[in-house]
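Below you'll find the structure, written out as structure tokens, and then a few comments.
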């Protein structure tokens, strides 16, 4: 369902008043949170500056053979992110990248981009949009989503979550539905095409909407150390404010698959690898230096912008992901702060397919039913600007290209 708010300023004032009344010592709680976050951010920054890896890396073969250790899992859950190496054979992914380039060129997409629908989701972020292509149904994208390898990797990620708690089962981690997303094709030399630090999956809703408050019940009650970012309780029941580009599905992890080699300096992904950083963001907005009708600049229907003026300690930990090869994947928790480097100073294209990790639940099943006609007709999915570029594209994937697994994940069966 969608969250309807007629007077946002009034709703924010009411929410902040309620949250402060429920937690009279909110200033002391925030001081404790801030000290802990400063320590964690500094520790991560020190490791990074000494050349140590701060984004955990896992070999896909170790997932296949059940060789992931408890320490590895603990680190992924603490950092809220991981790189999974060699999910796909490099030669296969290089062919996919070539096929996508031909698909885009053969169908004259660049000319059509001049008349695309406005994507307001990133409108408040300081940097402009990266080179994102409104392409969802190319054969390589469909092949990657339905692949057994990537499905296995995402089931592993789904299982990191607590799928049952508070006396309820929240989702089935073993079924991975399709959330069709876009492509990034970024040429070398591009400048100011990144994204400023932000979070997806809810902005003002996190303070206002009742089920979001239940997600963060330990934070808003002052028991923030008991907050578990991987407890799925209430997350599948939250309601978002309608927007042309806000994710309507519950993603355990956002993610992308590298189509080309890329790394720091190539206009790549940056993360604040602190899974509990949302605790700081939520409580920061309740402090006295933030206006009663303001949530540190959060806007409805937009990405949740993370700003130096309010969240400076967290920026100390902002780190580029490690060098990636074609066929590697990166995933980050749906609450983790992320950004994209402004400048691509590398020598080749920096290309990715956005493919997230999702479980089966009522919220996601409902979106699948709305998304399925988009696939069958080649239209843009419901969560995205209504460009509908691919309706007449030559070489677009169709139902005949789906495997049995693909049909199940798409909601055809």
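Residue numbers (the working numbering): 47 to 459.
Glycine residues also receive a C-beta, built at the ideal position from the N, C-alpha and C atoms.
Computed from a prediction, not measured in an experiment: that's the story for all the values here.
- Under DSSP, residue 315 shares a beta bridge with 386.
- An exposed status is given to residue 288, since fewer than 16 other beta-carbon atoms sit within 10 Å of its beta-carbon.
- Sixteen is the threshold: when 16 or more other Cβ atoms of the shown chains lie within 10 Å of the Cβ of residue 384, as they do, the residue is buried.
- Put simply, of 300, 305, 337 the residue whose alpha carbon is nearest the alpha carbon of residue 374 is 305.
- In terms of Cβ geometry, residue 202 and residue 109 form a close pair [threshold 7 Å].
- A Cβ-Cβ contact shorter than 7 Å links residue 311 with residue 391.
- The continuous alpha helix (DSSP H) containing residue 454 extends over residues 450-456.
- With respect to residue 363, residue 318 sits close: the two C-beta atoms are nearer than 7 Å.
- If you check the CB distance, residue 237 and residue 313 do not come in under 7 Å.
- Around the C-beta of residue 215, fewer than 16 other C-beta atoms lie within 10 Å, and the residue is accordingly described as exposed.
- In terms of Cβ geometry, residue 190 and residue 303 form a close pair [threshold 7 Å].
- Here residue 137 is exposed, its C-beta having fewer than 16 other C-beta atoms within 10 Å.
- Residue 277 sits in a strand when the DSSP states are folded into three classes.
- Excluding sequence positions up to five before and after residue 187, its CB lies within less than 6 Å of the CB of 399, all in the same chain and listed in chain order.
- For residue 299, there is no enclosing alpha helix (DSSP H); the enclosing beta strand (DSSP E) covers residues 299-304.
- Burial is judged here by how many other beta carbons sit within 10 angstroms of a residue's own beta carbon; residue 55 has fewer than 16 and is exposed.
- Here DSSP, grouped into helix, strand and coil, assigns residue 272 to helix.
- A check of alpha carbon separations from residue 121 across 206, 78, 200, 447 identifies 206 as the nearest.
- In the three-state reduction of the DSSP assignment, residue 250 falls in the coil class, being assigned neither a helical nor a strand state.
- Here residue 143 is buried, its C-beta having at least 16 other C-beta atoms within 10 Å.
- In this structure residue 300 touches residue 380 by the C-beta definition: roughly 6 Å separates them, less than 8 Å.
- Distances from the alpha-carbon of residue 132 to those of 331, 378, 307, 404 put 307 closest.
- The region 272-284 and the region 336-345 do not touch, with fewer than 3 CB-CB distances between them shorter than 8 Å.
- DSSP, reduced to helix, strand and coil, places residue 220 outside both helices and strands of the structure shown, so it counts as coil.
- Listed in chain order, the non-local C-beta contacts of residue 439 below 6 Å within the same chain comprise 153, local neighbours out to five positions each way being set aside.
- When DSSP states are grouped into helix, strand and coil, residue 98 belongs to the coil group.
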